[in-house]
Amino acid sequence: EPEVTQTPSHQVTQMGQEVILRCVPISNHLYFYWYRQILGQKVEFLVSFYNNEISEKSEIFDDQFSVERPDGSNFTLKIRSTKLEDSAMYFCASSEMLAGGFFGPGTRLTVL
Amino acid sequence: GNSVTQMEGPVTLSEEAFLTINCTYTATGYPSLFWYVQYPGEGLQLLLKATKADDKGSNKGFEATYRKETTSFHLEKGSVQVSDSAVYFCALRGEETSGSRLTFGEGTQLTVNP
């Protein structure tokens, strides 16, 4: 069964450092997403990506964040100058049309 | 904007009990509705979905019916098992674009005791 994969599973970084979270979406999907879940809180939308560009972003997704699809398979989220409040579980998802989205297992980001 | 409200948790049940987790939504038009489940230490798994009014989504003994008149999508299961212990999230996707974001509810922690 096809699945979304994410690496690393856990990333620890110092405040102010840059991190790149990686995702491999399901191969025939067209839409890609990043969500985050701060511990004990609801899952929040960050950004969606379609046809090699951002199609929608939330108010959380400010200049600190960027996304890229560097090749035909990977989808990355870069967080520049991380802050303590960026500590969360980050989920990548992909979908076809009219689908809810298949989520990856997540990357737990810990900013110290 | 779109929003999803779930019943407050946590919910604790005995094995074989009947489960209902309430979910109501606010959205224009006809959104698509979803239930996701998150087992301890894992990511989100799509449990079931419904894309139009009066549709019933079902999977693994769980069911939910898309009720436009009450803007609800309550999750039910007739007989829960210990293995159903997880966090359940109700979510919607607006009808404006098919690839648009999911809006999640707060999540409901379910614990099933033997």
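In order, the protein sequence lines correspond to chains A and B.
Sequential numbering from 342 applies to the first sequence in the numbering used here.
Sequential numbering from 4 applies to the second sequence in the numbering used here.
Using N, Cα and C, we set each Cβ at its ideal position, and we do this for glycine too.
These figures come from a predicted structure and were not determined experimentally.
Listed by position along chain B, the residues whose Cβ is nearer than 8 Å to that of Phe432/A are Gly46, Leu47. Contacts with chain A at 8 Å (Cβ-Cβ) do not include Phe76/B. Excluding sequence positions up to five before and after Thr29/B, its CB lies within less than 6 Å of the CB of Ser6, all in the same chain and listed in chain order. Within the segment 51 to 89 of chain B, the complete beta strand (DSSP E) segments at least 3 residues long are 59 to 62, 65 to 68, 78 to 80, listed from N- to C-terminus. For Phe402/A, the CB contacts under 7 Å within the same chain, skipping 5 residues up- and downstream, are Leu387, Val388 in chain order.
Between Lys59/B and Thr73/B, the C-beta spacing is not below 8 Å.
Identification of chain B residues near Glu342/A by a Cβ-Cβ cut-off of 9 Å yields none; the smallest Cβ-Cβ distance measures about 12 Å.
A buried status is given to Arg96/B, since no fewer than 16 other beta-carbon atoms sit within 10 Å of its beta-carbon. Residue-level contact by beta carbon fails for Phe406/A and chain B, as no gap is shorter than 8 Å. Going by DSSP, Tyr42/B is part of no beta strand (DSSP E) at all; its letter is neither H nor E. Lys419/A places its beta carbon less than 8 Å from that of Ile361/A. For Leu453/A, the closest C-alpha among the options Ser414/A, Gln355/A, Tyr391/A is that of Gln355/A. Segment contact: the segment 404 to 415 of chain A against the segment 23 to 42 of chain B, fewer than three CB-CB distances shorter than 8 Å; contact not assigned.
If you compare the alpha carbons of Gly4/B, Lys52/B, Thr15/B, Ser75/B with that of Asp87/B, the shortest gap goes to Thr15/B.
A Cβ-Cβ distance of about 6 Å is found for the pair Leu450/A and Ser428/A, placing them in contact under the 8 Å criterion.
Non-local C-beta neighbours of Asp57/B in its own chain, meaning closer than 8 Å and more than five positions away in sequence, comprise Thr68, Tyr69, Arg70, Lys71, ordered along the chain.
Only those residues of the segment 61 to 72 of chain B whose C-beta falls short of 8 Å from the nearest C-beta of chain A would be listed, and there are none. The DSSP assignment places complete beta strand (DSSP E) segments of no fewer than 3 residues inside the segment 375 to 423 of chain A at 384 to 391, 394 to 398, 406 to 409, 416 to 420, in order along the chain.
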